[in-house]
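Novice: Okay, so the first sequence: first residue is 346 according to our numbering, each after it adds one.
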Amino acid sequence: MLLMEYNFNAIEKKWQQQWNDTKAYQVPNNSSKPKYYVLDMFPYPSGAGLHVGHPLGYIASDIFSRYKRLKGFNVLHPMGYDAFGLPAEQYALEHGVHPAVSTEQNINNFRAQLDKIGFCYDWDREVNTSKPEYYKWTQKIFLDLYNSYFCNTQQKARPIAELIAKYETSGSKHFTAAEWQAFSAAEKEEWLMKRRLAFSAYGEVNWCEALGTVLANDEVVNGVSERGGHPVIKKKMRQWYLRITAYADRLLEGLNRVDFSDSMKEMQRNWIGRSEGAEIDFAIKGSDQKLKVYTTRPDTIFGVDFMVIAPELELVNQIKSAEQAEAVDNYVAYVKSRSDRERQAEVKQITGCFTGGYAINPFNGVEIPIYIAEYVLAGYGTGAIMAVPCGDERDFKFAQHFNIPITNIIGQHFNGQEANPTKDAVLENSGFLNGLLMKDAIAVANDKLEELGIGKRKVNYKMRDAGFSRQRYWGEPFPILWNDGVPTAMPESALPLTLPHVEKYGPGPEGEGPLANIAEWVNTPEGKRETSTMPGYAGSSWYFLRYMDPHNEAEFCNRAVSDYWNQVDLYVGGTEHAVGHLLYSRMWTKVLYDLGYIGFDEPFKKLLNQGMIQGSSRFVYRINGTNKFVSKGLLDANEEYNGQKIDKIHADVNFVDGYELDIEAFKKWRNGEYAQAEFILEDGSLYSPTGGQGAYICGAEVEKMSKSKFNTVNPDDLVQKFGADTFRMYEMFLGPVEVSKPWDTKGIEGVHRFLKKMWRLYFDEVKGLQVTQDVPTADELKVLHKTIKKVEEDIERFSFNTVVSALMVCVNELNDLKCRKAAILEPLAILLAPYAPHMAAELYSALGHTDSVLDAAFPVFNPAHVLESTKEYPVSVNGKLRTTLILPADADQVAAEAATLANEVVQKWLEGKTPKKFIFVKGRMINVVM
RNA sequence: GCCCAGAUGGCGGAAUUGGUAGACGCGCUAGACUCAAAAUCUGGUUCUCGCAAGGGAGUGCAGGUUCGAUUCCUGUUCUGGGCACCA
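#1: Please state if the CB of Pro643 and the CB of Ile787 are separated by a distance shorter than 8 angstroms.
#2: Applying the 10 Å Cβ sphere with the 16-neighbour rule, what's the burial state of Ile1231?
#3: The alpha helix (DSSP H) spanning Ile958 covers which residue range?
#4: Assuming Ala1191 is part of the alpha helix (DSSP H), what are its boundary residues?
#5: Pull up the distance between the alpha-carbon of His443 and that of Ser961, whole angstroms please.
#6: Quick check on this structure: which residue in Ala437, Gly568, Leu1246 has the alpha carbon closest to the alpha carbon of Ser1221?
#7: Here's a check: name, in chain order, each residue in its chain whose Cβ is nearer than 6 angstroms to the Cβ of Tyr1004, leaving out the five neighbours to either side.
#8: Given Phe387, which residues of its chain have a CB within under 8 angstroms of its CB, disregarding the five upstream and five downstream residues?
#9: Using alpha carbons as the reference points, say which of Ser632, Val1156, Gln955, Gln435 lies closest to Ile705.
#10: Thinking Leu1100 and Ala1181 are a contact (beta carbons under 8 angstroms), I'd like their distance in whole angstroms, please.
#11: Using the rule of at least 16 other Cβ atoms within 10 Å of the residue's Cβ for burial, across every protein chain shown, is Thr869 buried or exposed?
#12: Helix, strand or coil, according to DSSP, for Glu1076 in the structure here?
#13: Just to confirm the assignment, what range does the alpha helix (DSSP H) spanning Tyr479 have?
#14: Find the nearest neighbour of Ala839 within the set Glu763, Pro477, Met349, judged by alpha-carbon distance.
#15: Quick one: what does DSSP say Met612 is sitting in, helix, strand or coil?
#16: To the nearest angstrom, how far is it from the Cα of Gly1268 to the Cα of Ala1168?
#17: With respect to the beta strand (DSSP E) encompassing His995, which residues constitute its N-terminal and C-terminal limits?
#18: Quick one, which of Val804, Gly648, Gly756 has its alpha-carbon nearest Pro750's?
#19: Name the two residues that bound the continuous beta strand (DSSP E) containing Pro832.
#20: For Val680, does the count of other Cβ atoms within 10 angstroms reach 16, so buried, or fall short, so exposed?
#21: Determine the contact status of Leu860 and Thr876, defining contact as a CB-CB distance below 8 angstroms.
#22: Taking 8 angstroms as the cut-off, decide whether the C-beta atoms of Ile462 and Val1064 are in contact.
#23: Does the beta-carbon of Met1275 have 16 or more other beta-carbons within 10 angstroms, so that it is buried, or is it exposed?
#24: Look at the alpha carbon of Leu347 and the alpha carbon of Thr1057, and state the distance between them as a whole number of angstroms.
#25: Thinking Gly956 and Glu1083 are a contact (beta carbons under 8 angstroms), I'd like their distance in whole angstroms, please.
#26: So what's Cys698 in DSSP terms, helix, strand or just coil?
#27: Report the rounded CA-to-CA distance for Ala1184 versus Ala1178, giving the unit in angstroms.
#28: Got a sec, what are the start and stop residues for the alpha helix (DSSP H) Gly1017 sits in?
#29: Pop quiz: Thr514 and Met879 are said to be a contact at Cβ under 8 angstroms. What is the actual Cβ separation, rounded to whole angstroms?
#30: Our contact map puts Arg583 next to Ser545 with C-beta atoms below 8 angstroms; I'd like the distance itself, whole angstroms only.
#31: Straight-line CA distance for Lys359 to Leu1152?
#32: With a threshold of 6 angstroms on Cβ separation, who are the neighbours of Met349 within its own chain once the five nearest residues in sequence on each side are excluded?
#33: Bridge partners for Val1001 per DSSP, in chain order?
#34: If Val1148 and Asp1139 are in contact, beta carbons under 8 angstroms, what's the gap, nearest whole angstrom?
#35: According to DSSP, is Pro400 part of a helix, a strand, or is it coil?
#36: Relative to the C-alpha of Ala437, which residue among Asp997, Val1120, Leu1176, Val847 is closest?
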């Protein structure tokens, strides 16, 4: 009995213990082996714990790490926690539990769940962004950002001290050295703030007056607060920002040097949104003010029929006419209640308001009405556009809606029914641009604008500087002190500035963060502390560096150590971080590189995106107003039962077997909420606990996996029931890692059966180990080497699901061959090791090894074993497959043609005619065209 | 609305450079073993016509390129992700 059957519980416990005891996953910072760094996007430790969707990427990266180790690499594969964030604070608000306490509990829970799956993390390197030992360095990097500026000539970050020195000796284009020296501290700081990489400025936030607090976009639903449904408006507040726009071009350029998917690069490029155009100053009728617009199409300037400016611009108040003032004010108030998203999304419903003001076209003197409209955002370009309805669909619809006459500058290219955004039309009605092709006219128009001094070429970015402060408690405090509105940085020696303990998590006065309520913390002899905290992405922008040197108390990461580990070779995570986290961490890396802390300026060499695992929800159907449930098949096409309305209710997937409801479990669910319910089964009979064969069939839908939909599946239960090895393999077997797919627990038994079947190649349940030392046959070697090739190629291209299939095929074939030979089974155990490390270790040691399977050598493919002397060709006639033909592997076209035409099936389809064409692709196929 | 991605049997998926569509697994089904059940094993399983041999159709939808298209191109529908304070 002992170890003869596949006792996964005992095996997994034994090897996890052993690997723990021997520190088998500990990774040294120096090694004669080549290095390889495999990183997962670390998790936010949510209170809901892990569901089966979370480990998908972790398992993929774990397999790859183990594979690389077998291939002889020194592999860094760490794990940690992105532990600051809003949910813990929300939980604190609702339940009074301190975020530090709930976060620690959640981390312990996560850790226990992760450990069961058998990952090869070096836990000695664990990081936790909410620990002072960690955020000390987040604060230090913030100070570096604060104390640096982006030098436009060198195109890199430099210490701000260099800029100050320059100002002192030679001034700038805005002031002389003498003027600088005469500035007050506040005036100096005002100038420096314009250059610092981390800077303070005013920006808009979601403000909820009723709650007295700033809300995250997440907390605002349809313009009102999620909690309480109070109105939310935009309000200006002092914020911290990171000057990521300074790095826009380098962030674009760096994309050419990293291995991300094209779509991921595309998303980042679109986010950065670089465009080349012109800024043009329009005179405003009856005013000295200028209206500055940004356009990528200066060639269309004679087609401008109206201007649109962002409602929040100060200019609006200066140009609105007396008659339009009320309408303008009402519209501005309306826009204040709208989110940026809403403002751009609802194109069908056109809104806007005429200001009563006019701009003057500099080339023909035409008066152009100025409108305000929500679709123009203040944050992009100059916050004002020149609208050309014949060339832009949104402008066209706007013009139609407000009955603005449309000027056609592209002749027959414009049909009056819709705009035509072409650049290939010849311009008409366009003064000095007449007769030019639009794409040629752009440069001509730009030259003219610059010559006349009313405009200039300008590169614009859609990307804005990143908001870096939150009016929250659970984040890194800023090492900043304020005196009379002037910030000063704390010295690095004073770090970490630890987060003080609070009892209440509500907002401070004026909507500041909760820290503002602690007077003794805020007020110091050196000044008032900054009361906002850093956002979630602060700690995650550099964590991959801390893993390299996690215990260093003198620096965030030693240069020699980061030189050794260098870039992350493989980074695994979801596409939802495409533009946020990935851009921020790329920017931080570039800054740290510019300042000489590290020797590379792109953090992630290769990015692998894992898809989302969706939930497969199950529904039960209650007849409306009763406590009676009806099986799915009894519902009619309108989802009604005998004309009665039904309530569709989520049932917990964990007590539905396939589609069949476990009625007794359902009755006990939710404290017996449905204990008294009656059930009409699929066969129409009424359920009774004692009799009957009938079943209650549930409905099913694919939805996001979420607690509220009762479709989450906990990995712990599956590991308990089938073992970690089965669980790991099944997660991979589900489909390609990159693709989203629904979870269905049902199939896990197939993978489990496969592992048992493989086990029985080595062990007989009665006789024990059955492996022999006999010399393998050619067939057996062919099966093995075919598998080695497939497994290696597929892991290298991250096709983990097909590796599982290949191993299944291999075991099936060896089983058919009744192969029991160590020469075959030992390499096979090593092939299995990255996927099912526990079972592989057990098999490997059973074969007599005292060394660890973790450090075995990956089997080497030998093509000699898989050579074929013949090839079965598919033979098509007119592209339709009609038969197959076995030919020698080295057969040439002449031989193939002779054999094909002699074939009786081919002759039948040729009906005695001579084929027009004979296509032969060696090693592939034959096609006869007639 | 804008950006990105996806769609193949009852289900998850395979087909790596345009070359035998449906590997592998689930489910279903027939059988073996068993007093019975579980476990295990063997066979079948895209749809359709046919007793069979053998045809026909088929990779969201509509077109196109090609000797040949799941794969390339154009258009279109639906689904998922992101859109700047969720992480």
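Yeah, the Cβ is synthetic: ideal placement off N, Cα and C, and Gly gets one too.
Specialist: So, to answer that:
#1: Position 442 of the first sequence, counted from the first residue, corresponds to residue 787. Position 298 of the first sequence, counted from the first residue, corresponds to residue 643. Yes, these two residues count as a Cβ contact at 8 angstroms.
#2: Position 886 of the first sequence, counted from the first residue, corresponds to residue 1231. Looking at its Cβ environment, which holds fewer than 16 other Cβ atoms inside 10 Å, Ile1231 is exposed.
#3: By 1-based counting over the first sequence, the position of residue 958 is 613. Here Ile958 belongs to no alpha helix (DSSP H); instead the beta strand (DSSP E) covers 958 to 968.
#4: Numbered from its first residue, the first sequence carries residue 1191 at position 846. From DSSP, the alpha helix (DSSP H) with Ala1191 extends over 1182 to 1191.
#5: For the purposes of this step, residue 443 is taken as the residue at position 98 of the first sequence. For the purposes of this step, residue 961 is taken as the residue at position 616 of the first sequence. Roughly 35 angstroms between the two C-alpha positions.
#6: Taking the first residue of the first sequence as 1, we reach residue 1221 at position 876. Nearest option by C-alpha distance: Leu1246.
#7: The residue given as residue 1004 occupies position 659 in the first sequence. Here the set comprises Ile1042, Cys1043.
#8: To locate residue 387, count along the first sequence from 1; it is residue 42. Around Phe387: Met424, Gly425, Tyr426, Asp427, Val472, Ser885, Tyr888.
#9: Looking up residue 705 in the first sequence gives position 360. It is Ser632.
#10: In the first sequence, the residue the question calls residue 1100 occupies position 755. In the first sequence, the residue the question calls residue 1181 occupies position 836. Indeed, because the Cβ distance is near 6 angstroms, the residues count as touching under 8 angstroms.
#11: Translated into positions along the first sequence, residue 869 becomes position 524. It counts as exposed.
#12: The count along the first sequence starts at 1 and reaches residue 1076 at position 731. The answer is helix: DSSP assigns Glu1076 an H, G or I state.
#13: Taking the first sequence and counting its residues from 1, the one referred to as residue 479 is at position 134. 477 to 491 is the span of the alpha helix (DSSP H), which, as asked, contains Tyr479.
#14: Locating residue 839 in the first sequence gives position 494, where the first residue counts as 1. With distances taken between Cα atoms, Ala839 lies closest to Pro477.
#15: Residue mapping note: residue 612 aligns to position 267 of the first sequence, counting from 1. Looking at Met612 - three-state DSSP - the assignment turns out to be helix.
#16: Walking along the first sequence from the start, residue 1268 turns up at place 923. Walking along the first sequence from the start, residue 1168 turns up at place 823. Cα-Cα distance, rounded: 31 angstroms.
#17: Reading the first sequence from its first residue, position 650 is the one you call residue 995. Unbroken beta strand (DSSP E) run through His995: 989 to 996.
#18: Within the first sequence, numbered from 1, the residue matching residue 750 stands at position 405. Comparing Cα positions, the closest option is Gly648.
#19: Numbered from 1 along the first sequence, position 487 holds the residue referred to as residue 832. Counting along the chain, the beta strand (DSSP E) containing Pro832 begins and ends at 831 to 834.
#20: Within the first sequence, the letter at position 335 stands for residue 680. It counts as buried.
#21: To locate residue 860, count along the first sequence from 1; it is residue 515. To locate residue 876, count along the first sequence from 1; it is residue 531. Their beta carbons are under 8 angstroms apart, which means Leu860 touches Thr876 by this criterion.
#22: As a first step, residue 462 must be located in the first sequence, where it is residue number 117. As a first step, residue 1064 must be located in the first sequence, where it is residue number 719. In this structure, Val1064 lies closer than 8 angstroms to Ile462 by Cβ.
#23: Numbered from its first residue, the first sequence carries residue 1275 at position 930. Under this definition Met1275 is an exposed residue.
#24: Counted from its first residue, the first sequence places residue 347 at position 2. Counted from its first residue, the first sequence places residue 1057 at position 712. Because the pLDDT at Leu347 is just 45, under 50, the model does not fix this residue reliably, and the point stays unresolved.
#25: Position 611 of the first sequence, counted from the first residue, corresponds to residue 956. Position 738 of the first sequence, counted from the first residue, corresponds to residue 1083. That belief holds up - the Cβ atoms of Gly956 and Glu1083 are roughly 5 angstroms apart, short of 8 angstroms.
#26: Counted from its first residue, the first sequence places residue 698 at position 353. Of the three classes helix, strand and coil, the one that applies to Cys698 here is strand, per DSSP.
#27: Counting from one through the first sequence, the residue named residue 1184 turns up at place 839. Counting from one through the first sequence, the residue named residue 1178 turns up at place 833. Looking at the sequence provided, one finds Met at residue 1184 rather than Ala. Their backbone Cα atoms lie some 8 angstroms apart in a straight line.
#28: Here residue 1017 refers to the residue found at position 672 of the first sequence. Unbroken alpha helix (DSSP H) run through Gly1017: 1008 to 1017.
#29: Working through the first sequence from its first residue, we reach residue 514 at position 169. Working through the first sequence from its first residue, we reach residue 879 at position 534. With a Cβ gap of about 35 angstroms, Thr514 and Met879 do not count as contacting.
#30: Residue 583 sits at position 238 when you count from the first residue of the first sequence. Residue 545 sits at position 200 when you count from the first residue of the first sequence. Right, the Cβ-Cβ distance comes to about 6 angstroms (below 8 angstroms), so this counts as a contact.
#31: As a working mapping, residue 359 is identified with position 14 in the first sequence. As a working mapping, residue 1152 is identified with position 807 in the first sequence. Approximately 24 angstroms between the Cα atoms of the pair.
#32: As a first step, residue 349 must be located in the first sequence, where it is residue number 4. Once the five neighbours on either side are set aside, the close Cβ partners of Met349 are Phe1108, Glu1110, Gly1113.
#33: In the first sequence, counting from the first residue as 1, residue 1001 sits at position 656. Paired residues: Leu1006.
#34: Locating residue 1148 in the first sequence gives position 803, where the first residue counts as 1. Locating residue 1139 in the first sequence gives position 794, where the first residue counts as 1. Sure, about 5 angstroms apart at Cβ, within 8 angstroms.
#35: The sequence position of residue 400 within the first sequence is 55, counting from 1. Helix, per DSSP.
#36: Taking the first residue of the first sequence as 1, we reach residue 437 at position 92. The shortest Cα separation from Ala437 among Asp997, Val1120, Leu1176, Val847 belongs to Val847.
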